[in-house]
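This is the structure we're talking about:
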């Protein structure tokens, strides 16, 4: 506990102030941390609803006849947006309740980058199609090289046999 005495003058009047601090102003201040987190959650929720509305509108036009495919695409869209728009901060809001929740928040928050990479790169249909075409193109090039190398090898063997035949004659 720290005690601080200060004297202030206002004109001819002197005011003595004694300040006693029993704890840090951050300790015990529930809203000091949770207020901004709640603000982040509210903004993210509004953005989530707006993005989901836009995505559902586009998916409804694209897959009007196939409800199952539309539902799958919507679920995938939700799964992709949740890590971006604050699912992690739900755990951040609850860190004061139990120490395990703080560790869960830290682990999920630190792995958010890999989650974004997985949902927006690895699981994206366009990226999959491009990677598939690139692998096929590489495979074709390797096969052509093998054929070319095979021909060179065969030609080399033929020339070797011709040289051996000439050496035997000469």
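In UniProt numbering, the protein residues as written are 1 to 170.
The beta carbon of each residue, even a glycine, is placed where N, CA and C say it ideally should be.
Treat the numbers as computed from the prediction; the structure is a model and nothing was measured.
For residue i, the nearest candidate out of the options (CA to CA)
i, options, result
"residue 80", "55, 67, 97", "55"
"residue 185", "84, 37, 75, 113", "The structure shown does not extend to residue 185, since the chain is modelled only from 1 through 170, so no value can be given for it."
"residue 105", "86, 120, 121, 14", "86"
As assigned by DSSP and simplified to three states, the class of residue i
i, result
"residue 49", "helix"
"residue 88", "helix"
"residue 95", "coil"
"residue 155", "Confidence at residue 155 is low in this model, with a pLDDT of 46, below 50, so its placement is unreliable and no value can be given for it."
CA-to-CA distance, residue j to residue i, given in whole angstroms
i, j, result
"residue 129", "residue 35", "44 Å"
"residue 16", "residue 5", "7 Å"
"residue 127", "residue 136", "14 Å"
"residue 78", "residue 115", "13 Å"
"residue 43", "residue 124", "26 Å"
"residue 141", "residue 131", "15 Å"
"residue 220", "residue 138", "The shown model of the chain, from 1 to 170, leaves out residue 220, and the question about it has no answer."
"residue 76", "residue 64", "17 Å"
"residue 194", "residue 97", "Only positions 1 to 170 of the chain appear in this structure, which leaves residue 194 out of reach."
"residue 171", "residue 62", "A question about residue 171 goes unanswered here, because the residues of the chain that appear run from 1 up to 170."
"residue 100", "residue 71", "34 Å"
"residue 32", "residue 109", "20 Å"
"residue 59", "residue 38", "31 Å"
"residue 14", "residue 30", "36 Å"
"residue 74", "residue 92", "26 Å"
"residue 175", "residue 19", "The structure shown does not extend to residue 175, since the chain is modelled only from 1 through 170, so no value can be given for it."
"residue 88", "residue 45", "12 Å"
"residue 7", "residue 117", "59 Å"
Start-to-end residues for the alpha helix (DSSP H) that takes in residue i
i, result
"residue 109", "99-110"
Check: residue i C-beta below 6 Å from any heavy atom of the ligand PLP
i, result
"residue 13", "Ligands displayed in this structure: none; no statement on the ligand PLP is therefore possible."
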